[in-house]
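Accompanying notes for the structure given below.
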Amino acid sequence: MQDPVLFPLHEDLIPNANRTEPLVWIRELVILHDPNPSNWIRKVPFECGLNIIRTEERSDLEEDVVAHSVGKTLLMRLIRYTAGEANYAAEESQAELAKVVPSGVVVAHWRVDGDDWIVRRPLHDHEPAASIVVKSDAWEDAFDDAVETIPFKSFLKQIDRVIVGDLPRFEIAKDRLPRWADVLGWLARDCECGYRQANEWRHAGTNLGQPGDLNINKLMMQWLCGLMSEDEAKLRNEHRHLQSEQRKAKAAAEKHSRSATLREESLRDSMEGPKVVSDEPAKESDLFSNEPTPSLTLRAESMLAQSHELLREVRENTQVAKLETRVSVIQSKLDQANRAAGEASGNLTSSKKYQRDLKQVQAEPPLLNKCPADPCKLREELQRHRELGQDESIDEKKSDAEETVRQQTEQAKQANDACEAFKKELENANQELEVAKSKLAESESKLNEQIGRWKQHVVDAKRVDTVTKESASHNTAVADLAKAVDVSNARQETAREAMDHLQCVSQASVAYTQVLQRVFKESATGTIQVDGKGLQPKPAKELTPGGRALSAMATVVSFDLACVMASIAGIGNHPRFLIHDSPREGEMEMPLFKRIFDVACYLESCFGESPPSFQHIVTTTKAPPSYCTQDEPHTRLILHGREPEGRLLKLTF
Numbered sequence: 012m013q014d015p016v017l018f019p020l021h022e023d024l025i026p027n028a029n030r031t032e033p034l035v036w037i038r039e040l041v042i043l044h045d046p047n048p049s050n051w052i053r054k055v056p057f058e059c060g061l062n063i064i065r066t067e068e069r070s071d072l073e074e075d076v077v078a079h080s081v082g083k084t085l086l087m088r089l090i091r092y093t094a095g096e097a098n099y100a101a102e103e104s105q106a107e108l109a110k111v112v113p114s115g116v117v118v119a120h121w122r123v124d125g126d127d128w129i130v131r132r133p134l135h136d137h138e139p140a141a142s143i144v145v146k147s148d149a150w151e152d153a154f155d156d157a158v159e160t161i162p163f164k165s166f167l168k169q170i171d172r173v174i175v176g177d178l179p180r181f182e183i184a185k186d187r188l189p190r191w192a193d194v195l196g197w198l199a200r201d202c203e204c205g206y207r208q209a210n211e212w213r214h215a216g217t218n219l220g221q222p223g224d225l226n227i228n229k230l231m232m233q234w235l236c237g238l239m240s241e242d243e244a245k246l247r248n249e250h251r252h253l254q255s256e257q258r259k260a261k262a263a264a265e266k267h268s269r270s271a272t273l274r275e276e277s278l279r280d281s282m283e284g285p286k287v288v289s290d291e292p293a294k295e296s297d298l299f300s301n302e303p304t305p306s307l308t309l310r311a312e313s314m315l316a317q318s319h320e321l322l323r324e325v326r327e328n329t330q331v332a333k334l335e336t337r338v339s340v341i342q343s344k345l346d347q348a349n350r351a352a353g354e355a356s357g358n359l360t361s362s363k364k365y366q367r368d369l370k371q372v373q374a375e376p377p378l379l380n381k382c383p384a385d386p387c388k389l390r391e392e393l394q395r396h397r398e399l400g401q402d403e404s405i406d407e408k409k410s411d412a413e414e415t416v417r418q419q420t421e422q423a424k425q426a427n428d429a430c431e432a433f434k435k436e437l438e439n440a441n442q443e444l445e446v447a448k449s450k451l452a453e454s455e456s457k458l459n460e461q462i463g464r465w466k467q468h469v470v471d472a473k474r475v476d477t478v479t480k481e482s483a484s485h486n487t488a489v490a491d492l493a494k495a496v497d498v499s500n501a502r503q504e505t506a507r508e509a510m511d512h513l514q515c516v517s518q519a520s521v522a523y524t525q526v527l528q529r530v531f532k533e534s535a536t537g538t539i540q541v542d543g544k545g546l547q548p549k550p551a552k553e554l555t556p557g558g559r560a561l562s563a564m565a566t567v568v569s570f571d572l573a574c575v576m577a578s579i580a581g582i583g584n585h586p587r588f589l590i591h592d593s594p595r596e597g598e599m600e601m602p603l604f605k606r607i608f609d610v611a612c613y614l615e616s617c618f619g620e621s622p623p624s625f626q627h628i629v630t631t632t633k634a635p636p637s638y639c640t641q642d643e644p645h646t647r648l649i650l651h652g653r654e655p656e657g658r659l660l661k662l663t664f
């Protein structure tokens, strides 16, 4: 089997011959009062290899602060500002600086993949359009109107292309590859970040770049270090798409589930609320049985059918029809009684008139000749009786007429009494009918209202069932996607088990172990772990017993140096550009801190007489080891706070 380690653990690093300088590094930074090259405030040169920005140490007799708030961090942030970060200080600090240097400019000489670029950015206009770039090796050309300028964004795009290089296509978002701005936070850590963990690059409480997604940061470190193969990158892109679809499916499933639950609860409350009105209370309870039903739709349809059945029964069992028949019968009897009474009244009237005529004929005989033309049968009959000498028959007729009147009067009274009785009976029957009709109308109204409600419940229940089915469908999709994600994870794990991938990871782990051994002790060990979550340094537990200083040194600073070391050897596309701003934690002992410089100097020594292919910029308030300070071979700037001239901007703000 091929040895997965490209250089043995106990042998010196052999730099890759094709990597003669960092992919990206800074040669000089100049701060000016205004856009006039002669009005510069501070020039800071940089070289490949180790670069130290330090402060003078306070003597035992000095009481004032000498080593802090002199501009170390501001210088690092100005470097990052010329490399594309949006700001170089907190908003209030930038506002204060604007008061004392209103026309300030910062210029940086950058080398990108062997080409020289001069970047000029105003200190008080952070828009990219306000910045200019020229292709030159002289920073003064940034103020020469005769030199062609290039948009600042074009410069950043060039760095993007250089950083990507031959690395596999890896998306951190939809159709979005990592850019220089995404990894600059790692390459140039901010001191406020605290060096807590390898994948935490910016503090969320500042305006100096966003902290980003810590999980994405792990993946970008893996990718940039060349520890992500083509196959794994492709699988991760597919995996990211799967996870995106999974998140969408989960969100949709949760949304539909909440909607279905809320609708179902609301509908159940509504269905259990109003009661069906019926003339038979015993049947009302049947409508709201506690028996479980297959679905709300079936239950609502069942309730609707029962409501219709109740309405039919109420209409069939009502007394209205019987009372209407009774009223009709009574009305018919009343009509007959009225006719009988009318007939009796007419007969009585005729008999009374006949009686009056008899009395008048007897009392007034001349009346017989009063009107011979009058066709009165009584007169004719009386005249005939008189002619025959039968006057005694008038008395008989009067007696008969009186009896007839008496009888007919009694009949008329009986007929009228019968009419009154039928009228009263009809009135009572009509009252009962109206009461029955009112009750029927009330029952029908309530039942029709109930039917309308159940009809709406049926509609709502079908909607709930639809949403529930959609929710179930989404849940199925979520489950299917979860299985697909598991399969994807397994495929990625298989890709990471490929020999060429294991070689790269082993080489990175060797570099990490070598750095740990130079920082801690010869027996120190550590590995670069690459798994489904990305890249993470794993020092031996005895190196990080819980102290923050040791953890920062082992998992952050040493890891960063190991990544540079691996890139020097030819692994990955780390640009071999590194800034550590005040990496010494408050409790970190100086011997431990000084070993950072030991590692950097060791890396330089591996190049012999050739220029190092990396750049490491470190700021510190403590003096580096003597081999770094003697003749200051690595020191680029020494600051102090005793007087304004000792500060970065030579003023206090």
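In our numbering, the protein residues as written are 12 to 664.
Yeah, the Cβ is synthetic: ideal placement off N, Cα and C, and Gly gets one too.
Every value quoted in this text rests on a predicted model; they were computed, and no experiment measured them.
On the three-state DSSP scale, how would you describe residue i?
i    : result
D411 : helix
I90  : helix
E67  : coil
R53  : strand
A440 : helix
Q540 : strand
D297 : Reliability fails at D297, whose pLDDT of 46 lies under 50, so the model's placement of it is uncertain and no value is given.
D193 : helix
L273 : helix
R658 : coil
T524 : helix
Q342 : helix
Residue i bridges to which residues according to DSSP?
i    : result
G60  : Q626
G463 : Answer by DSSP bridge pairing: none, since G463 is not bridged.
F588 : Q626
G545 : D542
P550 : G537
D171 : None, per the DSSP bridge assignment.
A184 : R187
R200 : H591
A119 : L40 and V130
P162 : I143
L650 : T66
V35  : V123
T631 : R65
By the 10 Å Cβ neighbour count, where 16 or more other Cβ atoms means buried, how is residue i classified, buried or exposed?
i    : result
G357 : exposed
T66  : buried
Y206 : buried
E96  : buried
T93  : buried
L638 : One detail in the question is off: residue 638 reads as Tyr in this sequence, not Leu. It is exposed - the Cβ of Y638 has fewer than 16 other Cβ atoms within 10 Å.
P594 : buried
N459 : exposed
E211 : buried
A157 : exposed
M231 : buried
If we ignore side chains and look at the alpha-carbon of each, how far apart do residue i and residue j end up?
i    : j    : result
I64  : S578 : 24 Å
A264 : D471 : 20 Å
C59  : L34  : 11 Å
E295 : I462 : In this prediction, E295 scores a pLDDT of 42, lower than 50, which makes its location untrustworthy; the coordinate-derived value is nonetheless stated afterwards. Approximately 14 Å, taken between the alpha carbons.
L248 : R180 : In the sequence as displayed, the identity of residue 248 is Asn instead of Leu. Rounded to the nearest angstrom, the two C-alpha atoms are 8 Å apart.
D45  : I143 : 15 Å
G82  : Y523 : 32 Å
N486 : H252 : 18 Å
G237 : A184 : 19 Å
H137 : S499 : 43 Å
F433 : A352 : 12 Å
A215 : A100 : 14 Å
Q525 : A573 : 8 Å
A412 : Q366 : 5 Å
A244 : A493 : 20 Å
K168 : D511 : 30 Å
Under 7 Å: does the beta carbon of residue i sit that close to some heavy atom of the ligand COA?
i   : result
P46 : No copy of the ligand COA occurs in the structure displayed, which carries no ligand at all.
Below 8 Å on the Cβ atoms is my guess for residue i versus residue j; work out the distance and round it to an integer in Å.
i    : j    : result
R69  : L659 : That pair is no contact at about 18 Å.
T538 : T555 : About 13 Å; that fails the 8 Å criterion.
S306 : W465 : About 15 Å separates the two Cβ atoms, so there is no contact after all.
A199 : I590 : 4 Å
Please check if any C-beta of chain D sits within less than 8 Å of the C-beta of residue i.
i    : result
K408 : You won't find chain D in this structure, because it holds only one protein chain.
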